[in-house]
(Lines of atoms letter the chains of each structure in order from A and count residues from 1; the text may use other names and numbers.)
(Lines give C-alpha, C1' and ligand atoms only; values in the text may rest on other atoms or scores of the structure.)
Protein backbone atom coordinates (compact mmCIF):
# COMPACT_ATOMS: atom_id res chain seq x y z
CA UNK A 1 0.00 0.00 0.00
CA UNK A 2 1.03 3.57 -0.43
CA UNK A 3 2.75 5.62 -3.07
CA UNK A 4 6.29 6.36 -4.12
CA UNK A 5 7.10 8.50 -1.10
CA UNK A 6 5.59 6.00 1.37
CA UNK A 7 7.65 3.01 0.30
CA UNK A 8 11.13 1.66 -0.15
CA UNK A 9 11.61 0.80 -3.83
CA UNK A 10 13.38 -2.43 -2.90
CA UNK A 11 10.10 -3.59 -1.35
CA UNK A 12 8.50 -3.18 -4.76
CA UNK A 13 10.71 -5.99 -6.05
CA UNK A 14 8.51 -8.54 -4.24
CA UNK A 15 5.36 -7.21 -5.92
CA UNK A 16 7.04 -7.16 -9.35
CA UNK A 17 8.50 -10.62 -8.83
CA UNK A 18 5.04 -12.09 -8.22
CA UNK A 19 2.79 -9.98 -10.46
CA UNK A 20 5.03 -9.75 -13.50
CA UNK A 21 7.86 -12.25 -13.55
CA UNK A 22 5.94 -15.05 -11.81
CA UNK A 23 3.00 -14.69 -14.18
CA UNK A 24 5.19 -14.61 -17.29
CA UNK A 25 7.14 -17.64 -16.07
CA UNK A 26 3.85 -19.59 -15.80
CA UNK A 27 2.89 -18.61 -19.35
CA UNK A 28 6.31 -19.64 -20.62
CA UNK A 29 5.90 -23.06 -19.01
CA UNK A 30 2.34 -23.47 -20.32
CA UNK A 31 3.02 -22.61 -23.98
CA UNK A 32 4.38 -26.05 -25.00
CA UNK A 33 1.21 -27.70 -23.68
CA UNK A 34 -1.10 -25.13 -25.22
CA UNK A 35 0.68 -25.52 -28.59
CA UNK A 36 0.33 -29.29 -28.41
CA UNK A 37 -3.43 -28.94 -27.96
CA UNK A 38 -3.60 -26.64 -31.01
CA UNK A 39 -4.08 -23.51 -29.02
CA UNK A 40 -5.77 -22.41 -25.89
CA UNK A 41 -6.31 -19.41 -23.71
CA UNK A 42 -4.22 -17.49 -21.22
CA UNK A 43 -6.16 -15.18 -18.93
CA UNK A 44 -4.31 -12.76 -16.70
CA UNK A 45 -5.90 -11.37 -13.57
CA UNK A 46 -5.13 -7.70 -13.80
CA UNK A 47 -6.64 -4.81 -11.88
CA UNK A 48 -8.48 -1.58 -12.48
CA UNK A 49 -5.64 -0.11 -10.37
CA UNK A 50 -3.55 -0.28 -13.56
CA UNK A 51 -5.86 2.26 -15.20
CA UNK A 52 -6.99 4.55 -12.42
CA UNK A 53 -5.33 5.29 -9.09
CA UNK A 54 -7.76 4.87 -6.23
CA UNK A 55 -8.16 7.84 -3.93
CA UNK A 56 -9.42 5.44 -1.27
CA UNK A 57 -6.50 2.96 -1.26
CA UNK A 58 -3.20 4.14 -2.74
CA UNK A 59 -1.42 1.07 -4.12
CA UNK A 60 1.11 2.34 -6.61
CA UNK A 61 3.42 -0.68 -6.85
CA UNK A 62 0.46 -3.03 -7.30
CA UNK A 63 -1.09 -0.82 -10.00
CA UNK A 64 2.18 -0.52 -11.89
CA UNK A 65 2.65 -4.32 -11.79
CA UNK A 66 -0.85 -4.93 -13.07
CA UNK A 67 -0.27 -2.29 -15.77
CA UNK A 68 2.72 -4.33 -16.93
CA UNK A 69 0.45 -7.38 -17.28
CA UNK A 70 -2.00 -5.33 -19.33
CA UNK A 71 0.86 -4.43 -21.68
CA UNK A 72 2.08 -8.05 -21.70
CA UNK A 73 -1.43 -9.06 -22.82
CA UNK A 74 -0.97 -7.07 -26.02
CA UNK A 75 2.56 -8.28 -26.72
CA UNK A 76 1.80 -11.92 -25.99
CA UNK A 77 -1.39 -11.92 -28.04
CA UNK A 78 0.74 -10.98 -31.08
CA UNK A 79 3.52 -13.45 -30.23
CA UNK A 80 1.34 -16.42 -29.29
CA UNK A 81 -1.54 -15.79 -31.69
CA UNK A 82 0.12 -17.63 -34.59
CA UNK A 83 0.28 -20.67 -32.28
CA UNK A 84 -3.49 -20.46 -31.75
CA UNK A 85 -3.06 -19.19 -28.19
CA UNK A 86 -5.31 -16.33 -27.10
CA UNK A 87 -4.18 -13.95 -24.34
CA UNK A 88 -6.58 -11.70 -22.47
CA UNK A 89 -6.72 -9.79 -19.20
CA UNK A 90 -9.56 -9.57 -16.68
CA UNK A 91 -9.19 -6.45 -14.55
CA UNK A 92 -11.32 -6.36 -11.40
CA UNK A 93 -11.86 -3.16 -9.49
CA UNK A 94 -12.90 -3.10 -5.87
CA UNK A 95 -14.10 -6.69 -5.43
CA UNK A 96 -16.27 -7.51 -2.44
CA UNK A 97 -14.92 -10.29 -0.29
CA UNK A 98 -13.12 -10.89 3.01
CA UNK A 99 -10.03 -8.81 2.19
CA UNK A 100 -11.93 -5.72 1.05
CA UNK A 101 -14.52 -6.07 3.78
CA UNK A 102 -11.83 -6.22 6.49
CA UNK A 103 -10.03 -3.19 5.01
CA UNK A 104 -13.24 -1.17 4.99
CA UNK A 105 -14.16 -2.42 8.47
CA UNK A 106 -10.78 -1.28 9.80
CA UNK A 107 -11.41 2.13 8.26
CA UNK A 108 -14.90 2.23 9.79
CA UNK A 109 -13.54 1.28 13.20
CA UNK A 110 -10.74 3.86 12.96
CA UNK A 111 -13.16 6.70 12.26
CA UNK A 112 -16.10 5.38 14.33
CA UNK A 113 -18.29 4.94 11.23
CA UNK A 114 -20.54 2.15 10.01
CA UNK A 115 -19.41 -0.14 7.22
CA UNK A 116 -22.08 1.39 4.98
CA UNK A 117 -20.78 4.91 5.68
CA UNK A 118 -17.30 3.86 4.56
CA UNK A 119 -18.32 1.84 1.49
CA UNK A 120 -20.95 4.24 0.12
CA UNK A 121 -18.51 6.89 -1.20
CA UNK A 122 -16.60 4.18 -3.06
CA UNK A 123 -19.75 2.58 -4.48
CA UNK A 124 -20.95 6.04 -5.51
CA UNK A 125 -17.92 6.22 -7.85
CA UNK A 126 -19.14 3.09 -9.66
CA UNK A 127 -21.70 3.40 -12.44
CA UNK A 128 -23.62 0.38 -11.07
CA UNK A 129 -23.22 1.44 -7.39
CA UNK A 130 -22.25 -2.06 -6.25
CA UNK A 131 -19.14 -4.13 -5.69
CA UNK A 132 -18.32 -6.97 -8.09
CA UNK A 133 -17.67 -10.38 -6.51
CA UNK A 134 -15.23 -13.23 -7.08
CA UNK A 135 -18.01 -14.95 -9.03
CA UNK A 136 -18.26 -12.00 -11.44
CA UNK A 137 -14.53 -12.17 -12.10
CA UNK A 138 -14.59 -15.96 -12.50
CA UNK A 139 -17.40 -15.79 -15.08
CA UNK A 140 -15.37 -13.30 -17.12
CA UNK A 141 -12.41 -15.69 -17.07
CA UNK A 142 -14.66 -18.56 -18.13
CA UNK A 143 -15.87 -16.45 -21.06
CA UNK A 144 -12.29 -15.80 -22.24
CA UNK A 145 -11.51 -19.53 -21.99
CA UNK A 146 -14.65 -20.59 -23.84
CA UNK A 147 -15.42 -20.99 -27.53
CA UNK A 148 -17.55 -17.83 -27.24
CA UNK A 149 -14.23 -15.96 -27.18
CA UNK A 150 -12.44 -18.07 -29.80
CA UNK A 151 -11.61 -14.95 -31.81
CA UNK A 152 -10.93 -12.63 -28.88
CA UNK A 153 -7.32 -11.91 -27.97
CA UNK A 154 -5.30 -9.00 -26.63
CA UNK A 155 -8.28 -7.61 -24.73
CA UNK A 156 -8.63 -6.05 -21.30
CA UNK A 157 -12.01 -6.49 -19.59
CA UNK A 158 -12.77 -4.35 -16.56
CA UNK A 159 -15.00 -6.13 -14.06
CA UNK A 160 -15.43 -3.10 -11.85
CA UNK A 161 -19.10 -2.04 -11.96
CA UNK A 162 -18.04 1.03 -13.94
CA UNK A 163 -15.34 2.34 -11.58
CA UNK A 164 -12.82 3.03 -14.37
CA UNK A 165 -15.44 5.15 -16.12
CA UNK A 166 -15.21 7.64 -13.26
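Residue numbers (my numbering): 151 to 316.
The beta carbon of each residue, even a glycine, is placed where N, CA and C say it ideally should be.
Owing to the predicted nature of the structure, the values given are computational and were not obtained by experimental measurement.
Check: Could you say which of 212, 196 and 173 lies nearest to residue 309 if we only look at CA atoms?; Outcome: 196
Check: Three-state secondary structure (DSSP) at residue 244?; Outcome: coil
Check: For the putative contact between residue 201 and residue 314, defined by C-beta atoms under 8 Å, what is the C-beta separation to the nearest angstrom?; Outcome: 5 Å
Check: Mapping DSSP to helix, strand and coil, what is residue 281?; Outcome: coil
Check: With contact counted as at least three CB pairs below 8 Å, one residue from each stretch, are the stretch 216-235 and the stretch 280-295 in contact?; Outcome: no
Check: Would you identify the three-state DSSP class for residue 190, choosing helix, strand or coil?; Outcome: strand
Check: Out of 232, 229, 199 and 203, point me to the one whose CA is closest to residue 216's CA.; Outcome: 199
Check: Name the DSSP bridge partner or partners of residue 260?; Outcome: Beta-bridge pairing links residue 260 to no other residue.
Check: From residue 194 to residue 229, what distance separates their C-alpha atoms?; Outcome: 16 Å
Check: Compute the beta-carbon to beta-carbon distance between residue 231 and residue 188, rounded to the nearest angstrom, for a pair I have assumed lies under 8 Å.; Outcome: With a Cβ gap of about 13 Å, residue 231 and residue 188 do not count as contacting.
Check: Using 8 Å for Cβ pairs, my map puts residue 278 next to residue 243. What's the rounded Cβ distance?; Outcome: That belief does not hold up - the Cβ atoms of residue 278 and residue 243 are roughly 11 Å apart, past 8 Å.
Check: Just to confirm, are residue 258 and residue 250 a CB contact at a threshold of 9 Å?; Outcome: no
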